[in-house]
Amino acid sequence: MTATERALQLTYVAAAAAADKLGTEIVAYDVSEQLAITDVFLVVSASNERQVASVVDGIEEKLRELDVRPVRREGEREGRWVLLDYLDLVVHVQHVEERTFYALERLWHDCPRIELDINEAR
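In this text, residue positions in the sequence shown follow our numbering: the first is 28, and each later residue adds one.
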């Protein structure tokens, strides 16, 4: 099983939106073989809490244009790691310190990495 076309479309749009808001180290993993609850994890870094909020807002705005809204949001109060759950896609926007500490990439390194041509998705 691989990520659905819908999940990939949402991933490309979300990744481009994150880049537009100066998110960094943007990577996506096809976790559909490992998890039954979602197809793709998108991980984005931001340099401070305000930047985390800006990236999150940008992603939500672009996906809302596709009439897609998250079913769950977590971590907004602290602003250091915000999770947006779109069912097919789960977005993690992390402060660079959280990204280093939690190292989500280590957990999913066995999963296929999705090529993101961010300029093409814009």
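Backbone N, C-alpha and C fix where the C-beta goes; we use that ideal spot for every residue, glycine too.
Because the structure is a prediction, the values reported are computed rather than measured.
Quick one: is the Cβ of D115 within less than 7 Å of any heavy atom of the ligand SAH?
The model depicted lacks the ligand SAH and carries no ligand whatsoever.
Whole angstroms are fine: how far does the CA of L143 sit from the CA of Y39?
The residue given as residue 39 occupies position 12 in the sequence shown. The residue given as residue 143 occupies position 116 in the sequence shown. Each residue's Cα considered, the two are about 7 Å apart.
Of the residues Q36, V120, C138, the one placed nearest A80, counting alpha carbons only:
For the purposes of this step, residue 80 is taken as residue 53 along the sequence shown, with counting starting at 1. When each option's Cα is compared against that of A80, the closest is V120.
The beta strand (DSSP E) with Q121 in it runs from where to where?
Position 94 of the sequence shown, counting from 1, holds the residue named residue 121. For Q121, the enclosing beta strand (DSSP E) covers residues 116-122.
Less than 8 Å separating the beta-carbons of E132 and V82?
Counting from 1 along the sequence shown, the entry for residue 132 is found at position 105. Counting from 1 along the sequence shown, the entry for residue 82 is found at position 55. Their beta carbons are not under 8 Å apart, which means E132 does not touch V82 by this criterion.
Does H122 pass the burial test, meaning 16 or more other C-beta atoms within 10 Å, or should it be called exposed?
In the sequence shown, the residue the question calls residue 122 occupies position 95. Buried: at least 16 other Cβ atoms inside 10 Å.
For a test of the three-state rule: what should DSSP assign to A63, helix, strand or coil?
As a first step, residue 63 must be located in the sequence shown, where it is residue number 36. A63 carries a coil assignment under DSSP once its states are collapsed to helix, strand and coil.
Does the beta-carbon of E87 have 16 or more other beta-carbons within 10 angstroms, so that it is buried, or is it exposed?
Counting from 1 along the sequence shown, the entry for residue 87 is found at position 60. Residue burial annotation: E87 is buried, with at least 16 other C-beta atoms found within 10 angstroms of its C-beta.
Under 8 Å by Cβ, that's how I've got E60 and C138 pegged, so tell me the actual separation to the nearest angstrom.
For this step, residue 60 is matched to residue 33 along the sequence shown. For this step, residue 138 is matched to residue 111 along the sequence shown. E60 to C138, Cβ: 7 Å. Contact.
Find the nearest neighbour of I64 within the set E125, R104, A34, judged by alpha-carbon distance.
Here residue 64 is taken as the residue at index 37 of the sequence shown, counted from 1. It is A34 whose Cα lies nearest to the Cα of I64.
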